[in-house]
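First comes the structure, then the notes that go with it.
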Amino acid sequence: MFLEPHFKRSGWIEVICGSMFSGKTEELLRRLRRAKIANQKVVIFKPALDNRYATHKVVSHDANSLEAVPVVDSQQLMNLAGGYDVIGVDEAQFFDAELVQTVQQLALDGCRVIIAGLDMDFRGQPFGPIPQLLAVAEYITKLHAICQQCGHLATHSFRLSANEETIELGAQQTYEARCRSCYAEGEKKQKEVGAQG
Ligand code: ZN
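Heads up: the sequence shown at position 88 corresponds to 1343 in this note's numbering, and the numbers run straight through without jumps.
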């Protein structure tokens, strides 16, 4: 269970990462709701390209939602972040590299910044600015899903379709949470099929 620290002079950065279906957005919303109950000024930003469900809501897969502000880049996020105590960033893997500097400035200005994002893309590679954010954060939470093949802990997002585009936003039909070995097995099978085709 994550417990909020109490620093007096500056803010801090929290990162919630993990594969798809690991509950990152739920955890982000849980922390933000608690801050909101405490009358802190709370805002959520998300990349404007993520319009899976609704434009102005962060919606986790269980439809537990809270109002969110779509922004085109981290510069716009910075411009809109004034006056808030707690700043949530969802789907942070889709932001530009500048986000790393932006959230550090916000923390220095006294904000608590909570970032949620995929740590790896469907190729199993570190995703966007997330590795750098993990390095500079005070607190890191790595969540796991359950492997849809074997039921063990899942760390990887396996893509069932053969589309090579990295930015393909998830729905349950196109992705599966998988453990390392089931992920590797699936990749091998897809390569075999690809070689035949
Ligand atoms: Zn597995």
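The beta-carbon is built from N, C-alpha and C at its ideal position, and this holds for glycine as well.
Check                                                                                                             : Outcome
Cβ-Cβ distance between S1412 and T1429 below 7 Å                                                                  : no
Endpoints, alpha helix (DSSP H) assigned at Y1438                                                                 : R1435 to Q1451
Exposed unless 16 or more other CB atoms sit within 10 angstroms - verdict on K1279                               : buried
Minimum C-alpha distance to V1298 - residue among R1378, L1332 and C1402                                          : L1332
Cβ neighbours of D1317 in the same chain (closer than 7 Å, five flanking residues each side left out)             : Confidence is the limiting factor: at D1317 the pLDDT is only 49, short of 50, which leaves the residue's position unreliable, though a coordinate-based value still follows. Taken in chain order, the residues that qualify are E1281.
Option in I1342, M1256, K1444 and I1292 with minimal Cα separation from L1361                                     : I1342
Beta-carbon gap between F1276 and A1432 smaller than 7 Å                                                          : yes
Inter-residue Cα distance where the pair is G1406 and R1288                                                       : 30 Å
Ranges of the beta strand (DSSP E) found wholly within the stretch 1322 to 1372, counting only runs of at least 3 : 1324 to 1326 and 1341 to 1344
Beta-bridge pairing of K1397 - partner residues as DSSP gives them                                                : C1272
Proximity test, C1405 beta-carbon vs the ligand ZN heavy atom, cut-off 6 Å                                        : yes
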